[in-house]
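Numbers given in this note's numbering equal positions in the sequence shown, counted from 1, plus 134. Don't be surprised by glycine CBs; every beta carbon is placed ideally from N, CA and C. Report on one structure; see the data block that follows.
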Amino acid sequence: MHNNMKLSRVVPIGFGTIFALMIGVGLASKLSMQVLANSMASVNRTYQIKGSLQELEKSLINAETGQRGFIFTGKEEFLEPYNAATTSLPTDISQLRSKLSNEEQKRSLVEVERLTQQKLDELAQTIALKRQGKEQELRALVLSGLGKTVMDNIRRELNKMQSVEDDLLVQRRAAATQAEQLASLISLGGTLVAIILGSSVAIFIARRVVQPINQVATAIASSASEIAAAVEQQEHTATQQAAAVSETTTTMDELSASSRQSAQQAEAAANSAQQALILVDGNGLGGRQGGEHNSSLRDKVGQIAEQILRLSEQTNQIGSISSLVSDLANQTNMLALNAAVEAARAGEHGRGFAVVAAEIRKLADQSRKSAERISSLVSDVQNATNSTVMVADEGTKTVEGIVTAMNNITVNNQQISLTAKQQAIAIEQVVDAMISLNQRALETASGISQTKASTQKLNEAAYDLKVVV
135 MHNNMKLSRV VPIGFGTIFA LMIGVGLASK LSMQVLANSM ASVNRTYQIK GSLQELEKSL
195 INAETGQRGF IFTGKEEFLE PYNAATTSLP TDISQLRSKL SNEEQKRSLV EVERLTQQKL
255 DELAQTIALK RQGKEQELRA LVLSGLGKTV MDNIRRELNK MQSVEDDLLV QRRAAATQAE
315 QLASLISLGG TLVAIILGSS VAIFIARRVV QPINQVATAI ASSASEIAAA VEQQEHTATQ
375 QAAAVSETTT TMDELSASSR QSAQQAEAAA NSAQQALILV DGNGLGGRQG GEHNSSLRDK
435 VGQIAEQILR LSEQTNQIGS ISSLVSDLAN QTNMLALNAA VEAARAGEHG RGFAVVAAEI
495 RKLADQSRKS AERISSLVSD VQNATNSTVM VADEGTKTVE GIVTAMNNIT VNNQQISLTA
555 KQQAIAIEQV VDAMISLNQR ALETASGISQ TKASTQKLNE AAYDLKVVV
């Protein structure tokens with residue numbers, strides 16, 4: 135990927151090359167067309183020169199014809215061709231000179247101009263002699279052949295110039311043909327080269343740009359799939375975690391109710407012990423009364439023992455529930471650890487969930503510590519309950535030392551009541567922690583669902599990019 139040229143460089147280079155080639159082909163075509171136009175202009179100018187030479191000869195012939203008609207008839211109207219020729223010939227010669235580019239032709243035109251002037255002078259002389267009525271001199275001048283000689287020389291020079299123009303015409307036609315062929319070759323060749331180079335540039339862009347983009351799209355799609363799988367696993371873990379937290383919360387609610395009931399029973403046991411102590415204190419009033427008090431005392435002690443046994447059973451239940459809470463806290467801790475691992479695998483998308491998972495682990499640790507504290511308190515309650523049971527058994531078997539035993543029972547029951555209250559407070563704290571933990575777990579599940587949707591959109595975008603490329 136790093137060896138491939140960037141799109142911002144490949145596309146300008148590719149299209150810049152095509153544009154440069156098109157400009158080159160356009161310039162070459164323009165130059166070739168300019169050469170062709172110049173060649174065609176030269177050919178047209180040659181035809182114009184040939185036409186001008188023919189017109190020049192025609193004007194001289196017309197002048198000579200008018201001169202002959204005037205000589206034979208003496209009528210002025212026969213001089214119209216002559217007069218027109220004398221007027222147009224200087225202009226025709228001047229225009230012809232501007233069209234000539236060949237030096238030899240220019241020299242020949244100078245000679246033609248001299249001979250033309252000589253011919254016009256000869257014609258003017260014969261016309262003047264005719265007007266003057268000098269027929270003998272006119273006849274002698276015509277028979278001298280001067281006019282014919284000059285006209286023959288003019289025709290020879292004009293034919294010479296025509297021959298040169300014919301040679302130039304052949305050359306210029308060949309040059310025009312070559313220019314036309316060159317223009318066609320440049321046009322067709324340039325088009326062919328442009329097609330070949332355009333195809334090469336397209337292939338180059340496809341290899342340098344499209345394939346890397348396709349690879350990137352494939353990599354994005356693969357990464358999105360992996361992230362989706364990780365997020366799905368994390369979502370499953372968070373769901374389990376939320377269920378475990380919900381179950382823990384329910385259990386802690388039950389534990390809280392049991393703790394309150396235990397505290398009430400402990401308080402009732404303390405009251406019963408206090409009443410028993412009062413009854414014991416009344417034992418010294420008399421023998422008969424003492425017997426009644428002892429019977430009442432045994433009944434009270436029996437009731438106390440029965441209540442303490444029930445308290446022991448409930449304390450065992452609280453211990454079981456506390457163990458279950460500890461197990462659930464450990465399970466929640468493991469689920470939070472798994473969620474943190476899955477969040478780490480998700481990369482940037484799972485960073486927020488890693489923070490939430492860490493908070494969940496902290497709350498799970500607090501729950502576990504609270505459960506351990508509850509277990510410790512339950513153990514204290516059980517020890518105190520066992521002591522109370524032993525004391526109650528001893529009080530049932532013998533009345534001696536009942537006062538001391540009842541004092542111990544009172545103290546133990548007070549300790550049980552205090553411990554139960556502390557246990558209730560601790561359980562309330564655990565319940566609050568479980569509620570907070572449940573809220574965090576729900577937030578984690580919601581965040582993971584959003585990440586899953588974003589990952590799905592990323593996967594769809596990668597697929598669209600791959601399709602477009």
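> I think T194 touches M285, with their Cβ atoms under 8 Å apart; what is that distance to the nearest whole Å?
Replying inline: In the sequence under discussion, the amino acid at residue 194 is Leu, which differs from the Thr named in the question. The Cβ separation is near 7 Å, so the contact holds.
> Cβ atoms of S242 and E291: under 8 Å apart, would you say?
Replying inline: Yes, Cβ-Cβ distance for E291 and S242 is below 8 Å.
>> So, at 6 Å on beta carbons, what are the nonlocal neighbours of Q367 in its own chain, with the 5 sequence-adjacent residues on each side left out?
In response: Cβ within range, chain order: E476.
>> Quick check on R253: does DSSP put it in helix, strand or coil?
In response: Strictly speaking, residue 253 in this sequence is Lys, with Arg absent from that position. Three-state result, K253: helix.
> Helix, strand or coil: how does DSSP classify G267 here?
Replying inline: When secondary structure is reduced to three states using DSSP, G267 falls in the coil class, being assigned neither helix nor strand.
> Looking at the structure shown, is N236 part of a helix, part of a strand, or coil, going by DSSP?
Replying inline: coil
> If we call anything under 8 Å between Cβ atoms a contact, is I508 one with S570?
Replying inline: no
> Is the beta carbon of A328 less than 8 Å from the beta carbon of L165?
Replying inline: No, the Cβ-Cβ distance between A328 and L165 is not below 8 Å.
> According to DSSP, is K531 helix, strand or coil?
Replying inline: helix
>> Counting C-beta neighbours from all protein chains within 10 Å, is the total for Q239 16 or more, i.e. buried, or is it exposed?
In response: buried
> Just the Cα atoms here: how many angstroms apart are L257 and Q229?
Replying inline: 23 Å
> Taking Cβ positions, are E381 and L462 nearer each other than 8 Å?
Replying inline: yes
>> Given the structure, does L303 come close to the ligand COA, in the sense that its CB is under 7 Å from one of the ligand's heavy atoms?
In response: For the ligand COA, the structure offers nothing, since it holds no ligand at all.
> Helix, strand or coil: which one does DSSP assign to K555?
Replying inline: helix
> A488 by DSSP, collapsed to three states: which one?
Replying inline: helix
> How big is the Cα-Cα spacing for S446 and I438?
Replying inline: The alpha-carbon of S446 is positioned some 12 Å away from that of I438.
> Taking the alpha carbon of L170 as the point to measure from, which residue in S318, Q182, L254 has its own alpha carbon closest?
Replying inline: Just measuring C-alpha positions, the residue of S318, Q182, L254 sitting nearest L170 is S318.
> G160: buried (16+ other C-beta within 10 angstroms of its C-beta) or exposed?
Replying inline: exposed
> Are three or more beta carbon pairs between the stretch 242-252 and the stretch 219-227 nearer than 8 Å?
Replying inline: Result yes; three or more Cβ-Cβ pairs closer than 8 Å.
> When we look at the beta-carbon of F487 and count the other beta-carbons within 10 Å, is it buried (16 or more) or exposed?
Replying inline: buried
> Near M167, which residues of its chain fall below 6 Å by C-beta distance, leaving aside the five closest residues on each side in sequence?
Replying inline: A317
> What distance in whole Å lies between the Cβ atoms of A518 and A492, which are believed to be in contact at a cut-off of 8 Å?
Replying inline: Not confirmed; about 39 Å, so no contact.
> Looking at the unbroken alpha helix (DSSP H) that takes in F338, where does it start and where does it end?
Replying inline: 280-339
>> Rounded to the nearest angstrom, what separates A596 and S356 at their Cα positions?
In response: 9 Å
> Under a three-way DSSP split, which group does G200 fall into?
Replying inline: helix
>> Spatial neighbours of E271 within its chain, please: C-beta separation below 6 Å, excluding the five flanking residues on both sides.
In response: Here the set comprises L263.
> In the structure shown, what three-state DSSP assignment does G208 receive?
Replying inline: coil
> Grouping DSSP H, G and I as helix and E and B as strand, with all else coil, what is A480?
Replying inline: Three-state DSSP puts A480 in coil, outside helix and strand.
> Nearest to G281 by alpha carbon, out of A197, A363, I339?
Replying inline: A197
>> Quick check: what's the CA-CA separation for E402 versus S460?
In response: Sequence inspection shows Ala at residue 402; the Glu mentioned does not correspond to that position. Spanning the two alpha carbons is a distance of roughly 29 Å.
> Is the distance from the Cβ of M213 to the Cβ of F204 below 8 Å?
Replying inline: Before going on, a small fix: residue 213 reads as Leu here, not Met. Cβ distance < 8 Å, so L213 and F204 count as in contact.
> If we ignore side chains and look at the alpha-carbon of each, how far apart do A336 and P146 end up?
Replying inline: Distance between the alpha carbons of A336 and P146: 12 Å.
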